[in-house]
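Here's the structure we're looking at; comments come further down.
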Amino acid sequence: MSTWARLHESFSVARWWSIVLKEFLQLRRDRVTFAMIVGVPIIQLALFGFAINTDPKHLPSAVIVADPSPFARSFIAAMRNSAYFDIVETLPDEAAGRDALARGDVLFVLNVPADFSRRLLRGERPSLLVEADATDPVATASALGALTGLVQPVADKDLTGPLAHLNGRPPAFDVELHRLYNPEGITQYNVVPGLMGVILTMTMVMMTGLAITRERERGTMENLLATPVRPIEVMTGKIVPYVFIGLIQVSIILAAARFVFEVPFVGSLFAIYLAALLFIAANLTVGITLSSLAQNQLQAMQLAMFYFLPNILLSGFMFPFAGMPAWARFIGNLLPLTYFNRLVRGILLKGDGWADLWPSVWPVALFTVVVMGVALRFYRRTLD
Numbered sequence: 001m002s003t004w005a006r007l008h009e010s011f012s013v014a015r016w017w018s019i020v021l022k023e024f025l026q027l028r029r030d031r032v033t034f035a036m037i038v039g040v041p042i043i044q045l046a047l048f049g050f051a052i053n054t055d056p057k058h059l060p061s062a063v064i065v066a067d068p069s070p071f072a073r074s075f076i077a078a079m080r081n082s083a084y085f086d087i088v089e090t091l092p093d094e095a096a097g098r099d100a101l102a103r104g105d106v107l108f109v110l111n112v113p114a115d116f117s118r119r120l121l122r123g124e125r126p127s128l129l130v131e132a133d134a135t136d137p138v139a140t141a142s143a144l145g146a147l148t149g150l151v152q153p154v155a156d157k158d159l160t161g162p163l164a165h166l167n168g169r170p171p172a173f174d175v176e177l178h179r180l181y182n183p184e185g186i187t188q189y190n191v192v193p194g195l196m197g198v199i200l201t202m203t204m205v206m207m208t209g210l211a212i213t214r215e216r217e218r219g220t221m222e223n224l225l226a227t228p229v230r231p232i233e234v235m236t237g238k239i240v241p242y243v244f245i246g247l248i249q250v251s252i253i254l255a256a257a258r259f260v261f262e263v264p265f266v267g268s269l270f271a272i273y274l275a276a277l278l279f280i281a282a283n284l285t286v287g288i289t290l291s292s293l294a295q296n297q298l299q300a301m302q303l304a305m306f307y308f309l310p311n312i313l314l315s316g317f318m319f320p321f322a323g324m325p326a327w328a329r330f331i332g333n334l335l336p337l338t339y340f341n342r343l344v345r346g347i348l349l350k351g352d353g354w355a356d357l358w359p360s361v362w363p364v365a366l367f368t369v370v371v372m373g374v375a376l377r378f379y380r381r382t383l384d
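Each residue of the sequence shown is one higher than the last, beginning at 1 in full-length UniProt numbering.
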């Protein structure tokens, strides 16, 4: 027997090609896998190419103008023209500015003192006070750097003619920066609280989705259907153990945040656990919904990946939320992780009270109710 004949006998191109065609046919029939192959690269290209911005601009800002002089107006105009700041409101006093920062309505508050122009004309080098929400150092670093660079151009523009003698080096006035909630710009203060939401999202969705599809694969779901239980009883009975697992994870993360990373705990631990309980419920309902759509554990994991990707990238965990385009922020505002990140960071770093937390609580509660309704509908169809 020739070498070619022996090779042909040990490896048949026809047999090999039939296996290749079989795999392609299976991929075409498995819509979830096919969507994963095509969809994930497209989503990643769109998110990383268009939505992610590590140098955010048009950040919401407010002004407190106790001295509406031409010098103050020039500096405010320079802030707008820098593209880093969007002046969204004018506040009456410093207390209102602190409240706006605590709620997260704005990231910066410019305070023009009442004697600013008078001291400027006297050559006393007055200061403009800028308070910044520094819980996310990446979001504010570039903008704060741009602020100090505006002083000299504004002085060169306004201090001319008879006032030219006031303009020199150093500039006739300066900007005093106060970084609130994270004055040293420590990245862990922002990342570690955000990790709580990411870990809960990944584990709660994945564990619930796999648990239900595993029962379906093993055939134990039929035994469950033989019992006189309602769908809502099955769902709640399935998720209660994972609620306790989620709370244990929260406790571990909080302990690590406090004793390993030394994240300050300004607010109430009770508020954190309540927020975490609501967020855990939201993710468990997502897991049940995905398990009702998936035919097996592999599909459940693939569907979970579709859910994880926008949550991690568009929630403000990895990249500044304010720096994303409007369409990306719209998607991010539909995700519970976006609000949970604000809740945890607000409680831990700012000491937010219930009035400050409510704007982030009700979207998570609404998400939970809506997805629970969807999960019940799909689960009833699965039982039928």
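Just so you know, even glycine gets a beta-carbon here, dropped at the ideal spot from N, CA and C. Just so it is clear, the structure is predicted and the values come from calculations on it, not from any experiment.
Between T338 and G332 the beta-carbon gap is near 5 Å, inside 8 Å, which marks them as a contact.
The C-alpha of F306 is placed about 37 Å away from the C-alpha of S82. Excluding its 5 nearest sequence neighbours in each direction, L159 has C-beta neighbours in its own chain below 8 Å: L166, N167 and A172, listed in chain order.
Every unbroken stretch of the beta strand (DSSP E) spanning 3 or more residues and falling wholly within the segment 67-110 is given here in chain order: 85-90.
For H165, the three-state secondary structure derived from DSSP is helix.
When rounded, the separation of the alpha-carbon atoms in A46 and V154 is 39 Å. Burial state of E131 is buried, judged by a 10 Å Cβ sphere holding 16 or more other Cβ atoms. Rounded to the nearest angstrom, the Cβ distance from Q249 to I288 is 19 Å, too far for a contact under 8 Å. The beta carbon of V263 lies closer than 7 Å to those of Q188, Y189, V192, P193, A257 and L348 in the same chain, with the five residues before and after it left out. Taking all protein chains in view, the Cβ of S18 is surrounded by fewer than 16 other Cβ atoms within 10 Å, so the residue is classified as exposed. Contact between the segment 90-98 and the segment 133-143 is absent: fewer than 3 CB-CB pairs across the two stretches fall below 8 Å. Annotation for R28: the continuous alpha helix (DSSP H) segment containing it runs V13 to R29. If you compare the alpha carbons of M204, V361, P320 and M318 with that of A271, the shortest gap goes to V361. In this structure A300 is in contact with T213, their Cβ atoms being roughly 5 Å apart against a cut-off of 8 Å. L110 is positioned such that its CB atom lies no closer than 9 Å to that of S69. Between the C-alpha atoms of L107 and P336 there is a straight-line separation of about 21 Å. Counting only the Cα atoms, L120 lies some 12 Å from D67.
Cβ neighbours of N53 within its own chain (closer than 6 Å, five residues either side excluded): G323.
For the set G123, R179, G161 and R122, the Cα lying nearest the Cα of A143 is the one of R179. Counting every other CB atom within 10 Å of its CB across the protein chains shown gives F330 a total below 16, marking it as exposed. Closest in alpha carbon position to L309, among L21, P41 and K22, is P41. Beta-bridge annotation (DSSP): S61 is paired with I87 and F108. Nearest C-alpha to F48 among P113, A326, L284 and F319: F319.
For L177, there is no enclosing alpha helix (DSSP H); the residue is found in the beta strand (DSSP E) stretching over D174 to L180. In terms of Cβ geometry, A275 and T368 do not form a close pair [threshold 9 Å]. Contact check for M196 and I239: beta-carbon distance about 19 Å, past the 8 Å limit, so the pair fails to qualify. Between the alpha carbons of I186 and G267 lies a gap of roughly 18 Å. Closest in C-alpha terms to E176, from the list L147, D115 and I312, comes L147. Only residues of its own chain outside the window of five on either side were considered, and among them G197 and F279 have a CB closer than 6 Å to the CB of F340, listed in chain order. Look at V192 here: in three-state DSSP terms it is helix.
Of the candidates F75, R218, K350 and G145, F75 places its Cα closest to the Cα of S117.
Cβ-Cβ distances below 7 Å link A102 to K350, D352 and D356 in the same chain, with the five nearest sequence neighbours on each side left out; the list follows chain order. Rounded to whole angstroms, Y273 and L25 show a C-alpha spacing of 48 Å. Cβ-Cβ distances below 6 Å link N182 to A134, T135 and Y189 in the same chain, with the five nearest sequence neighbours on each side left out; the list follows chain order. For E262, the three-state secondary structure derived from DSSP is coil. Close CB contacts of E217 within its chain, under the 7 Å cut and outside five residues either way in sequence, are with N296 and Q297 (chain order).
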